[in-house]
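Structure record follows, encoded as C-alpha cells.
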Amino acid sequence: MRKIYLSTILLIGICFSAFAQNSLKSPADFLGYELGEHFTYHHKVVSYFEHAAQALPNNVKTIQYGQTYERRPLMLVMLSSAENIQNLETIRTDNLKRTGLMEGTPSGDKIPLIWFSYNVHGNESVSMEAVMMTFHEMATDPAKKEWLNKAVIIFDPSVNPDGRDRYANWYNQKANKILQPDINSVEHREPWPGGRANHYLFDLNRDWAWQSQIESQSRMKVYNQWMPQIHVDFHEQGINSPYYFAPAAEPLHEIITDWQREFQVTIGKNNAKYFDQNSWAYFTKESFDLLYPSYGDTYPMYNGAIGMTYEKGGSGAAGLGVLTNEGDTLTLLDRITHHHTTGISTIEITVQNAEKVVDEFQKFFDRSRNEPWGKYKTYIIPGDQEADRLIAFTNLLDKLGIVYGSPATSRNFSGYAYLSTKIDNFTVTERDIVISTYQPRSVMANVLFDPNVKLSDSLTYDITAWAMPYVYGLRARATETKIDVAKPWEKPTAANNDLSGKPYAYLLPWTSIEDLKFLTSLHKDKITVRQATEPFSMDGKDFERGTLVITRRNNEQLGDKFDEKVKAHAQRLGRSLVAARTGFVSKGKDFGSSSVRLLKAPKVALVSGSGTSSLSFGENWYYFEQIIDYPLTVLESESVSRVDLSEYDVLIMPSGGYGGVVNDSFLSNVRSWVQAGGSLILIDGALSNFADKDGFALKRYADDSEKKAADDASKADRKDSRLEPYADRERNSAPNNNPGSIWLTTMDVTHPLAYGYKERYYSLKTTSQRYAWLENGWNVGVIKTPENLVSGFVGYKAKDRFNEALNYGVQNLGRGNVIYMADNPLFRAFWYDGHLLFGNAVFLVGN
Numbered sequence: 003m004r005k006i007y008l009s010t011i012l013l014i015g016i017c018f019s020a021f022a023q024n025s026l027k028s029p030a031d032f033l034g035y036e037l038g039e040h041f042t043y044h045h046k047v048v049s050y051f052e053h054a055a056q057a058l059p060n061n062v063k064t065i066q067y068g069q070t071y072e073r074r075p076l077m078l079v080m081l082s083s084a085e086n087i088q089n090l091e092t093i094r095t096d097n098l099k100r101t102g103l104m105e106g107t108p109s110g111d112k113i114p115l116i117w118f119s120y121n122v123h124g125n126e127s128v129s130m131e132a133v134m135m136t137f138h139e140m141a142t143d144p145a146k147k148e149w150l151n152k153a154v155i156i157f158d159p160s161v162n163p164d165g166r167d168r169y170a171n172w173y174n175q176k177a178n179k180i181l182q183p184d185i186n187s188v189e190h191r192e193p194w195p196g197g198r199a200n201h202y203l204f205d206l207n208r209d210w211a212w213q214s215q216i217e218s219q220s221r222m223k224v225y226n227q228w229m230p231q232i233h234v235d236f237h238e239q240g241i242n243s244p245y246y247f248a249p250a251a252e253p254l255h256e257i258i259t260d261w262q263r264e265f266q267v268t269i270g271k272n273n274a275k276y277f278d279q280n281s282w283a284y285f286t287k288e289s290f291d292l293l294y295p296s297y298g299d300t301y302p303m304y305n306g307a308i309g310m311t312y313e314k315g316g317s318g319a320a321g322l323g324v325l326t327n328e329g330d331t332l333t334l335l336d337r338i339t340h341h342h343t344t345g346i347s348t349i350e351i352t353v354q355n356a357e358k359v360v361d362e363f364q365k366f367f368d369r370s371r372n373e374p375w376g377k378y379k380t381y382i383i384p385g386d387q388e389a390d391r392l393i394a395f396t397n398l399l400d401k402l403g404i405v406y407g408s409p410a411t412s413r414n415f416s417g418y419a420y421l422s423t424k425i426d427n428f429t430v431t432e433r434d435i436v437i438s439t440y441q442p443r444s445v446m447a448n449v450l451f452d453p454n455v456k457l458s459d460s461l462t463y464d465i466t467a468w469a470m471p472y473v474y475g476l477r478a479r480a481t482e483t484k485i486d487v488a489k490p491w492e493k494p495t496a497a498n499n500d501l502s503g504k505p506y507a508y509l510l511p512w513t514s515i516e517d518l519k520f521l522t523s524l525h526k527d528k529i530t531v532r533q534a535t536e537p538f539s540m541d542g543k544d545f546e547r548g549t550l551v552i553t554r555r556n557n558e559q560l561g562d563k564f565d566e567k568v569k570a571h572a573q574r575l576g577r578s579l580v581a582a583r584t585g586f587v588s589k590g591k592d593f594g595s596s597s598v599r600l601l602k603a604p605k606v607a608l609v610s611g612s613g614t615s616s617l618s619f620g621e622n623w624y625y626f627e628q629i630i631d632y633p634l635t636v637l638e639s640e641s642v643s644r645v646d647l648s649e650y651d652v653l654i655m656p657s658g659g660y661g662g663v664v665n666d667s668f669l670s671n672v673r674s675w676v677q678a679g680g681s682l683i684l685i686d687g688a689l690s691n692f693a694d695k696d697g698f699a700l701k702r703y704a705d706d707s708e709k710k711a712a713d714d715a716s717k718a719d720r721k722d723s724r725l726e727p728y729a730d731r732e733r734n735s736a737p738n739n740n741p742g743s744i745w746l747t748t749m750d751v752t753h754p755l756a757y758g759y760k761e762r763y764y765s766l767k768t769t770s771q772r773y774a775w776l777e778n779g780w781n782v783g784v785i786k787t788p789e790n791l792v793s794g795f796v797g798y799k800a801k802d803r804f805n806e807a808l809n810y811g812v813q814n815l816g817r818g819n820v821i822y823m824a825d826n827p828l829f830r831a832f833w834y835d836g837h838l839l840f841g842n843a844v845f846l847v848g849n
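Take the sequence shown: its letter number 494 is residue 496 in our numbering, and every next letter is one higher.
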C-alpha cells in the first residue's frame, strides 16, 4: 500500500513538472502579438517574467532591485537549472569568495554568472523585445537547457524603463497601421528629448561609476552582490550601420588583461560564426573602445568581467521598419533576431569555457590583492581638508566598494602631487585617507585615480581624464610605495558650537554645495539671509568671503521661532553654525555694513526643448530637484520670446545650438531683461549663440591681430591638408580634438562666482571651442597658457588655442549680469567640485 502511495506521489510530481514546463507561454502567446509587430510596454514585460517565474519556479527567480524616478520597477530575472537555482545563494557567495570581497573558500562547482543588460538607452528599443525571445529559447529548447547546468543567466530586461516607455508611448501613437519605412514619415522623427535618457535625461550608460542616478545606484548595489564573469550591454546605432560586437577598438586601457582581450576575441569569433551562416553584416575592433570607466562594458572589465557592448543598427529612427541607404527594409524583427543571436552565442561559448572563465576571474582578483597592476600602489588624501568634500568623496568609494582607511602612524614618503603635477616629499598622518591598491577593487581604484591615463590611440569615444582628486577639488598624492591601511577612516562630524541663548546672528562659512543646500532650505522657509562680501574676524576666528550671516534683524516675523528654525535646518543638513553675540567684528566690516548684503531668493527659469541639449538640460533639472531641492520654472525654447521674463530673476540656457531660437529679436529681448536686473547664465555650447553679438562682451578673439593669426593658421592647415590621403581623414582630425581633459583654472576668489574656492580650480573641458578673456567684464576663471593642461588628451593644435582662454566670466550689463560658463560645471553630475560654482552663479552673482 505504501509503495502504491509513493508511486502516486511520484507520478503526480512528474506530471506537475511537465505541466509547469508546458505552462510557460511564448512571448507571442502571452502578449497577444508576435515579437516585432509592436513595441511592448515595460509593465507587460515585467508581467511576462512574473508569469515565467510562476510557470518555472524551479528554474526562474525574479528580483526587484529598485524603482525608477517614475516608479517603474527595476528587475532581474535569473535563469538556470533547478539545482543551480536551489543553490543560488551558495553560487553567489562562492563567487564573492573568489574575488576576496567575502572571506572563505568556495565550496561549490565553478558556475559562471552571465549578465545581460538591455535598454540602457530607452529608444534603442529592440533590447526589451529581444530579452523575451532569448529567455524563452533558453528556457524551452532542450539542447540549450543543458547549458543551464553550467551557468546562471541574469537578465536585466530594461535598465531604463522610463526612457523606454517614453519612446514606446510616442511611437505607438504615431505609427501607421500599414508599415511605413519612409525615413521622412513622422514615426521615424522622434521629438525632443527622445527616449534615450532616463527621467532626468541622463545617459545611464555613462553613469556606471559615478552612480548619480537612482537606476545606477540600485543596479550597482545588486551588481556588487553578484559580480558576474560576463556582462553584455545591448545597444543600437544608426540605421545604416551593421552589427557591432567584440573585440573592442583601441584604445583599450593598459590594465585590461591578456585574458580579457583574448576572450573578447573568442566570443567575437563565435558570434561571427552565426552571422556568417546567415550572411549578416557585422564589424569588430572599430568605434567602441574600452577606456572611459563609466560604461556598461568598461566598468565590468575593471571589475574582472568580460565586458562587452553589442550594437545593432536601428535606434529610435528605425521604428517597426525603415529603409536603409542600401534599399533594404530594416525591421524590428531583424533587430530582435540579431540581438537574440549574439545573446545565445555568448551563453554558448561561455558555457563551453565555463571552468576557464571562472578560473581567470579568480586570477584577476588574486593578482589585484597580491600584485596589483599600475605604477602607483597607494593614493593618499590628506584629512585636514574641507569635511564635506572628504565625505562626498568617501561616499563614492563606498558605492564602488573601494576599500580605504587610515595608517597606523605618521611617516614620510615621496610621490606625485596632483595639484602641482610634480614629485615631492610629504608626510602621511593618522587623519589621512589611504587607498591601497592591494585590494579586490585594485584595478578600479587605479583607473579612477590615475592622474594621466595612457592612450594607445588618440581616437576615443569619450572623455580621457577623470582623476578623482580633481573631481572633488582635493589635495592628493600617489606613491609607488605600499602603505597599509591600519584602521577605518573616521568621517568628520559637525562641530558642537555653543548656540545657546539668542545670538545677534548665526554664521556659516561658505565652502561646499552642502552650504548651498542650507541656503536654499532657508530661502524656502522664507528666512532672510545675508552674505559677507569681505573677510572678517570675530572672537578669534577668521571668516572668508561668502560666509552666510543670518541676523535676527529682518527675520522679526518669525518671533521666538527664529532660533528654533535656523538650528533645525542646520541640524538636518549637518551644518556647524557659529553664534555671533554681536554685530561688531574685530576685523573687517560690521554686519550692518553694505558689504554684508541681503541675499534674495531668486525665481529661476530654465530653457528646455528644441535647440537645447537634452543632456545639459537634464543636468540642470536634476541639480535643482535632486541636489539642492529648489524650485524652478521650465520654459520651452520656442516660446521663451513670448514669456514675460520680468517674472524671473535668473534665466539659464543649457548647452545647445538653439537653431532659429536665438535670433536678433531674442537677443534684443534678453539683453533688455538683463539690463533691467536679470541674470543670464550661459553654459558650454550656448555661449556660441552670444559670442561677438552686439551688447555682449563675449568674443572668440581678443582683437583683430589674434583673429588674423587664427585665420592664417586655419588657412595653413587647409593648405597642408590638400594632399592628405582620404584614408587618414579621421586620424588627421585628432590634432584639433579635445574629447575631454582637465585644465588648471586660475580663479578670482574675490568675485561672488568664486566664493568658497581657492585660486586653483580644476575644470573639465569637453570641447575645443575657446573664448578670449573679457575686455569689459570679470574674468573669474581663466586658463593662462596651454601648459595649464593637467590631464587627458588634447590635440596639439587644440591645445595651442587655449592661450589666455576664458572658462568662467561675468559681464555686468545695466543692472544685471551675463554669466559665461564655457565649461559645464554640472557635467554628468559627477564633477562634484563644479556644483558650488554653478550655485554661486544662480544664487550669489548679482544678488
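Think of the CB as a built atom: it goes at the ideal place given N, C-alpha and C, for glycine as much as any other residue.
Since this is a predicted model, take the numbers as computed values, not measurements.
- [ ] Would you mind stating whether serine 834 and tyrosine 406 have Cβ atoms separated by less than 8 angstroms?
- [x] By 1-based counting over the sequence shown, the position of residue 834 is 832. By 1-based counting over the sequence shown, the position of residue 406 is 404. Note on residue identity: the sequence assigns tyrosine, not serine, to residue 834. In this structure, tyrosine 406 does not lie closer than 8 angstroms to tyrosine 834 by Cβ.
Task: From Pro249, Arg762, Ile529 and Thr535, residue whose alpha carbon lies closest to that of methionine 303 - done: Residue numbering aside, residue 303 sits at position 301 when the sequence shown is read from its first letter. Nearest option by C-alpha distance: Pro249.
Open item on the list: According to DSSP, simplified to helix, strand and coil, what is alanine 693?
Closed with: Working through the sequence shown from its first residue, we reach residue 693 at position 691. Three-state DSSP puts alanine 693 in coil, outside helix and strand.
Open item on the list: On the CB-based measure, 16 or more other CB atoms within 10 Å of its CB, does alanine 843 come out buried or exposed?
Closed with: Sequence index remark: in the sequence shown, residue 843 carries index 841 (1-based). Alanine 843 is buried by the Cβ-count criterion.
Task: Rounded distance between the beta-carbons of isoleucine 465 and tyrosine 294, thought under 8 angstroms - done: Residue mapping note: residue 294 aligns to position 292 of the sequence shown, counting from 1. Residue mapping note: residue 465 aligns to position 463 of the sequence shown, counting from 1. The pair is a contact, with the Cβ atoms about 6 angstroms apart (cut-off 8 angstroms).
Open item on the list: On the DSSP letters alone, give me the boundaries of the beta strand (DSSP E) that histidine 342 sits inside.
Closed with: Within the sequence shown, numbered from 1, the residue matching residue 342 stands at position 340. Note, histidine 342: premise wrong, no beta strand (DSSP E); alpha helix (DSSP H) at 334–354.
Task: Per-residue burial, alanine 45 [other beta carbons within 10 Å of its own, 16 or more giving buried] - done: The residue labelled residue 45 in the question sits at position 43 within the sequence shown. Checking the sequence shown, residue 45 turns out to be histidine, not alanine. It counts as exposed.
TODO: Pull up the distance between the alpha-carbon of proline 633 and that of glycine 779, whole angstroms please.
DONE: By 1-based counting over the sequence shown, the position of residue 633 is 631. By 1-based counting over the sequence shown, the position of residue 779 is 777. Going by the C-alpha atoms only, they are around 29 angstroms apart.
TODO: Return the chain-ordered list of same chain residues with a C-beta closer than 6 angstroms to the C-beta of glycine 576, the five sequence neighbours on each side being excluded.
DONE: As a working mapping, residue 576 is identified with position 574 in the sequence shown. These residues qualify, in order along the chain: Ala496.
Open item on the list: What does the alpha-carbon distance come out to for the pair asparagine 414 and valine 430?
Closed with: Residue 414 sits at position 412 when you count from the first residue of the sequence shown. Residue 430 sits at position 428 when you count from the first residue of the sequence shown. About 6 angstroms.
Task: Residue range of the alpha helix (DSSP H) that includes tryptophan 623 - done: By one-based count along the sequence shown, residue 623 stands at place 621. Per DSSP, tryptophan 623 belongs to the alpha helix (DSSP H) from 616–624.
Task: Simplified DSSP state of aspartate 426, which is helix, strand or coil - done: Residue 426 sits at position 424 when you count from the first residue of the sequence shown. Of the three classes helix, strand and coil, the one that applies to aspartate 426 here is strand, per DSSP.
Task: Beta-carbon gap between alanine 30 and histidine 341 smaller than 8 angstroms - done: Position 28 of the sequence shown, counted from the start, is the residue given in the question as residue 30. Position 339 of the sequence shown, counted from the start, is the residue given in the question as residue 341. In this structure, histidine 341 does not lie closer than 8 angstroms to alanine 30 by Cβ.
Task: Contact check, glycine 783 vs alanine 800, beta carbons under 8 angstroms - done: Position 781 of the sequence shown, counted from the start, is the residue given in the question as residue 783. Position 798 of the sequence shown, counted from the start, is the residue given in the question as residue 800. It is not a contact, given that the beta carbons lie outside the stated cut-off.
Open item on the list: Please report the straight-line C-alpha distance between glutamine 387 and leucine 421, rounded to a whole angstrom.
Closed with: Position 385 of the sequence shown, counting from 1, holds the residue named residue 387. Position 419 of the sequence shown, counting from 1, holds the residue named residue 421. Rounded to the nearest angstrom, the two C-alpha atoms are 14 angstroms apart.
TODO: May I ask which residues mark the beginning and end of the alpha helix (DSSP H) holding valine 652?
DONE: Here residue 652 refers to the residue found at position 650 when the sequence shown is read from its first residue. Not the alpha helix (DSSP H): valine 652 falls in the beta strand (DSSP E), residues 652–655.
- [ ] Identify, in the order they occur along the chain, each residue of the same chain with its Cβ nearer than 6 angstroms to the Cβ of alanine 447, setting aside the five sequence neighbours on each side.
- [x] For the purposes of this step, residue 447 is taken as the residue at position 445 of the sequence shown. Cβ neighbours of alanine 447 beyond the five flanking positions: Ile404, Ile437 and Thr439.
- [ ] Output the distance between the C-alpha atoms of glutamate 328 and phenylalanine 277, rounded to the nearest integer angstrom.
- [x] What you label residue 328 is simply residue 326 of the sequence shown in a count that begins at 1. What you label residue 277 is simply residue 275 of the sequence shown in a count that begins at 1. Answer to the nearest angstrom: the Cα atoms are 19 angstroms apart.
- [ ] Check whether the Cβ atoms of glutamine 239 and glutamate 313 sit closer than 8 angstroms, and answer yes or no.
- [x] One-based indexing of the sequence shown puts residue 239 at position 237. One-based indexing of the sequence shown puts residue 313 at position 311. Yes, the Cβ-Cβ distance between glutamine 239 and glutamate 313 is below 8 angstroms.
- [ ] Use the C-beta contact count for glycine 561: other C-beta atoms within 10 angstroms, 16 or more gives buried, fewer gives exposed.
- [x] As a first step, residue 561 is located in the sequence shown; it is residue number 559 there, counting from the start. Glycine 561 is exposed by the Cβ-count criterion.
Open item on the list: Helix, strand or coil for tyrosine 474? Go by DSSP, reduced to three states.
Closed with: Along the sequence shown, read from residue 1 onward, the residue named residue 474 stands at position 472. Tyrosine 474 falls in the helix class under three-state DSSP.
TODO: May I ask which residues mark the beginning and end of the alpha helix (DSSP H) holding proline 302?
DONE: In the sequence shown, residue 302 corresponds to position 300, counting from 1. Segment 300–303, the alpha helix (DSSP H) holding proline 302.
Open item on the list: What does the alpha-carbon distance come out to for the pair threonine 483 and tyrosine 381?
Closed with: Taking the sequence shown and counting its residues from 1, the one referred to as residue 483 is at position 481. Taking the sequence shown and counting its residues from 1, the one referred to as residue 381 is at position 379. Spanning the two alpha carbons is a distance of roughly 10 angstroms.
- [ ] From the DSSP output, read off the bridge partner residues of arginine 875.
- [x] The chain is shown from 3 up to 849; residue 875 falls before or after that span and cannot be answered.
Open item on the list: Ignoring anything shorter than 4 residues, give me the alpha helix (DSSP H) runs that lie fully in the segment 44–108, in order along the chain.
Closed with: 44–57, 84–88 and 90–101
TODO: Give the C-beta separation of asparagine 121 and serine 129 to the nearest angstrom, bearing in mind that I take them to be a contact with Cβ-Cβ under 8 angstroms.
DONE: Position 119 of the sequence shown, counting from 1, holds the residue named residue 121. Position 127 of the sequence shown, counting from 1, holds the residue named residue 129. Confirmed, Cβ separation roughly 4 angstroms.
TODO: Name the one or two DSSP bridge partners that glutamate 649 has.
DONE: Taking the sequence shown and counting its residues from 1, one reaches residue 649 at position 647. Bridge partners of glutamate 649: none, in fact.
Open item on the list: Using C-beta distances below 7 angstroms, list every residue in its chain close to phenylalanine 285, excluding the 5 sequence neighbours before and after it, in chain order.
Closed with: Looking up residue 285 in the sequence shown gives position 283. The answer, listed in chain order, is Pro244 and Tyr246.
- [ ] Select from Asp592, Lys287 and Lys424 the residue whose C-alpha is nearest the C-alpha of valine 792.
- [x] Position 790 of the sequence shown holds residue 792. Of Asp592, Lys287 and Lys424, the residue nearest in Cα terms is Lys424.
Open item on the list: By the DSSP assignment, the alpha helix (DSSP H) with methionine 130 in it spans what residues?
Closed with: Here residue 130 refers to the residue found at position 128 when the sequence shown is read from its first residue. From DSSP, the alpha helix (DSSP H) with methionine 130 extends over 129–142.
Open item on the list: For asparagine 171, report the span of its alpha helix (DSSP H) as first-last.
Closed with: The residue you call residue 171 lines up with position 169 of the sequence shown. 163–176 is the span of the alpha helix (DSSP H), which, as asked, contains asparagine 171.
Open item on the list: Judging by CA-CA distance, which residue of Gly124, His837, Asp696 and Ile821 is the nearest neighbour of proline 764?
Closed with: One-based indexing of the sequence shown puts residue 764 at position 762. Note on residue identity: the sequence assigns tyrosine, not proline, to residue 764. Among Gly124, His837, Asp696 and Ile821, the Cα nearest to that of tyrosine 764 is on His837.
Task: Contact the segment 177–195 vs the segment 391–398: 3+ CB pairs below 8 angstroms - done: no
Task: asparagine 805 versus isoleucine 785: straight-line alpha-carbon distance, rounded - done: Residue 805 sits at position 803 when you count from the first residue of the sequence shown. Residue 785 sits at position 783 when you count from the first residue of the sequence shown. Looking at the two C-alpha atoms, the distance is approximately 7 angstroms.
TODO: Please confirm whether threonine 752 and arginine 547 have their CB atoms less than 8 angstroms apart.
DONE: One-based indexing of the sequence shown puts residue 752 at position 750. One-based indexing of the sequence shown puts residue 547 at position 545. Contact: yes.
Task: Residue interval of the alpha helix (DSSP H) (run including histidine 571) - done: On the sequence shown, position 569 is the one that residue 571 refers to. Note, histidine 571: alpha helix (DSSP H), 563–574.
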